[in-house]
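Visitor:
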Amino acid sequence: MFAPGHITGFFAICKSSNKLKTGSIGAGITINRGVNIELKKGNGDVFYNDKKVDICVVKKVVEYYKEFGYNDDYDIIFSSDFPLGSGLGMSGGCALILAKKLNETLNLNENYVEIAHISEVECGTGLGDVIAQYTKGFVIRKAPGFPINVEKIAVNDDYYIIIEIFGKKETKEIITNEEWIKKINEYGERCLNELLKNPTLENFVNLSYKFAVNTELINEKILDICEDLKFTVGASQSMLGNTLFCISKKETLDDALSILKNPIVCKVYY
Ligand SMILES: Nc1ncnc2c1ncn2[C@@H]1O[C@H](COP(=O)(O)OP(=O)(O)O)[C@@H](O)[C@H]1O
Ligand SMILES: CC(C)(COP(=O)(O)O)[C@@H](O)C(=O)O
């Protein structure tokens, strides 16, 4: 079972006393690399790329399924193309496929998307990834949480999404900090209104770049490389990580790859 990575280009944070209505508005793209899951009879240990880990959302999802009779008698094994904390939605992806896998394994029909979303919100590790990863594609989130209110924008298959990860960033530190929330919400709402007027990948990546610069979330190294990649459709920083993403057509792909040291080439995942 697979969950795609999710690149958030820009977002705004929407808090509610109802966790189902807490989330984010904004826009992002899911990609054809992400995270897979396997369950093996065991004692509830969690592994991510062969390392034993402690992931808040995984613990939360397990807690919810224990209420439905799960005995925590499986080891949970994730294998991913991306490290945790790189702003590519791996916490949300782990939550989504674990909840779905437990539904399947325990022959349950629980609303696994809601359970995964609430788990992310409770952990402070995500707000809109789960909904975007469930929807798939180029996804504009027009309202936070549930009921799901998104626009899924059709794009042709000519685009490549190039990723380079420069380090980690703890999502929780940003989305629980009032100063960051103020800047994120001011620019995130503006970008969403602009994208809805012209919902194209070109406009998306350029608005994402403006968001990253205006919120001061972008790091200097990624800023410099974005300038060097101006000959492509565009480049920006994936939120919330220290990860560059570039959207390129085939004719500029080789030149873009020559600028990057450890590029990961992806396609939009539907
Ligand atoms: N080695 C690790 N590196 C980064 N996060 C880790 C690691 N091990 C466990 N975690 C947990 O994984 C989650 C990462 O969430 P987040 O920062 O949103 O990542 P992502 O951007 O990949 O969704 C956090 O709960 C963090 O505590
Ligand atoms: C941007 C973020 C709040 C976090 O994304 P990540 O760092 O990938 O967990 C995401 O959940 C969103 O609402 O768009």
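Heads up: the sequence shown is residues 1 to 270, going by the UniProt record's numbering.
Built from N, CA and C at the ideal position, the CB exists for glycine as well.
Values in this document were obtained by computation on a predicted structure and should not be read as measured data.
Return helix, strand or coil for PHE10, following the three-state DSSP convention.
Guide: strand
Visitor: Below 7 Å, is the gap between the Cβ of SER91 and the nearest heavy atom of ligand 1?
Guide: yes
Visitor: Please list the terminal residues of the continuous beta strand (DSSP E) segment that includes TYR160.
Guide: 159-167
Visitor: Alpha helix (DSSP H) containing SER119: first to last residue?
Guide: Here the alpha helix (DSSP H) through SER119 covers 112-123.
Visitor: So, GLY188 versus GLY93, is the Cβ gap smaller than 8 Å?
Guide: no
Visitor: Which residues in the same chain as LYS52 place their Cβ atom closer than 8 Å to its Cβ, once the five residues preceding and following it in sequence are excluded?
Guide: ASP45, VAL46
Visitor: By DSSP's criteria, VAL150 is part of a beta bridge. Which residues make up the other side?
Guide: For VAL150, the beta-bridge partners assigned by DSSP are ARG141.
Visitor: Relative to the alpha-carbon of VAL150, which residue among ILE162, ASP158, ASP50, GLN133 has its alpha-carbon at the smallest distance?
Guide: In terms of CA proximity to VAL150, GLN133 leads the group ILE162, ASP158, ASP50, GLN133.
Visitor: Among residues of its own chain, excluding the 5 on either side of LYS19, which ones have a beta-carbon nearer than 6 Å to its beta-carbon?
Guide: The residues ILE118, VAL121, in chain order, have a CB closer than 6 Å to that of LYS19 in the same chain once the five nearest residues on each side in sequence are set aside.
Visitor: For GLY128 versus ILE175, is the C-beta distance shorter than 8 Å?
Guide: no
Visitor: Compute the minimum distance between the beta carbon of CYS123 and the heavy atoms of ligand 1, and state whether it is under 7 Å.
Guide: For CYS123, the shortest separation between its Cβ and any heavy atom of ligand 1 lies below 7 Å.
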